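Before any comments, here is the structure.
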Amino acid sequence: MIGLNKKTDCANVFIVLADLFKHPTRGIWDEIQQEDLLKKLEKSVNELFSIYFSIEEVLPENYEEFTEIYMTSIGSTQRKAALPIESLYKRWTLDETCTLPFARDKGYILGDSALHINYLLEKLKIEIPNELQGIPDHLAILLELLAYFIEHAPESSTAEFLDDHFDWLDEFESQLSKVSVHPFYQRLTGALIEMIKAQRNSYQ
């Protein structure tokens, strides 16, 4: 069993990661620059998950570059980025009665996973940012929900949530490696995959 303090600490790590997968704000940039957010994250990941994680060394030089790298890596379809949205990497639906022509295909938003996340958000009365409305299974939302599950749900439910909603990250990482010219989000995603595995293994 994970102790209560460790649960909170793990949840906080996933909340920070959620913020890093959202469109960069001046607020998050100020936290990185003035409050050593990334150094604290590296230390927590090492202590909680026994994962050596180095991200600060590949931090973009300024806020404008950070925003540009976000857009070209994970933030814009027009820039052919690898969008971190679960539905895109899975069959649109597993409902065998669905007759839509793209029902068995990948690459479409608002699939089964998004509907499930919408259900959870409504049940838990959790609101999501305006910019993520319409894509509830964006990685940032999944990570915030995971943090909630870690602190408030039975371990069996958290394990099930991990199994159901994070099994696409390897494919996302592969796609990201094809489109990204800067290592920040690649390194962040690689570390996240290891953290998800470690968190899931803690429930064995």
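Here the sequence shown stands for residues 0 to 203, numbered as in numbering that gives the first Met the number 0.
Cβ atoms here follow ideal geometry from the backbone N, Cα and C, with glycine treated the same way.
Owing to the predicted nature of the structure, the values given are computational and were not obtained by experimental measurement.
Check	Outcome
Endpoints, alpha helix (DSSP H) assigned at Y88	Here Y88 belongs to no alpha helix (DSSP H), and DSSP marks it neither H nor E.
Extent of the continuous alpha helix (DSSP H) run through H164	154 to 164
Which of helix, strand or coil DSSP assigns to H151	helix
Candidates H115, S179, Y202, K79: closest to E85 by CA position	H115
Helix, strand or coil at Y115 according to DSSP, with G and I counted as helix	Here residue 115 turns out to be His, not Tyr, going by the sequence shown. H115 falls in the helix class under three-state DSSP.
Cβ-based burial, Q203 [other Cβ within 10 Å; buried from 16]	exposed
Residue range of the unbroken alpha helix (DSSP H) whose run includes W28	25 to 33
Span separating the alpha-carbon of W167 from that of Q33	34 angstroms
Distance, A197 Cα to T7 Cα	16 angstroms
Local Cβ density within 10 Å of Y184, reported as buried at 16 or more and exposed below that	buried
Straight-line gap, E64 to L19 (C-alpha atoms, nearest Å)	14 angstroms
E154 to F148 span [Cα, whole Å]	8 angstroms
Buried versus exposed call for T188 [16 or more other C-beta atoms within 10 Å across all chains shown]	buried
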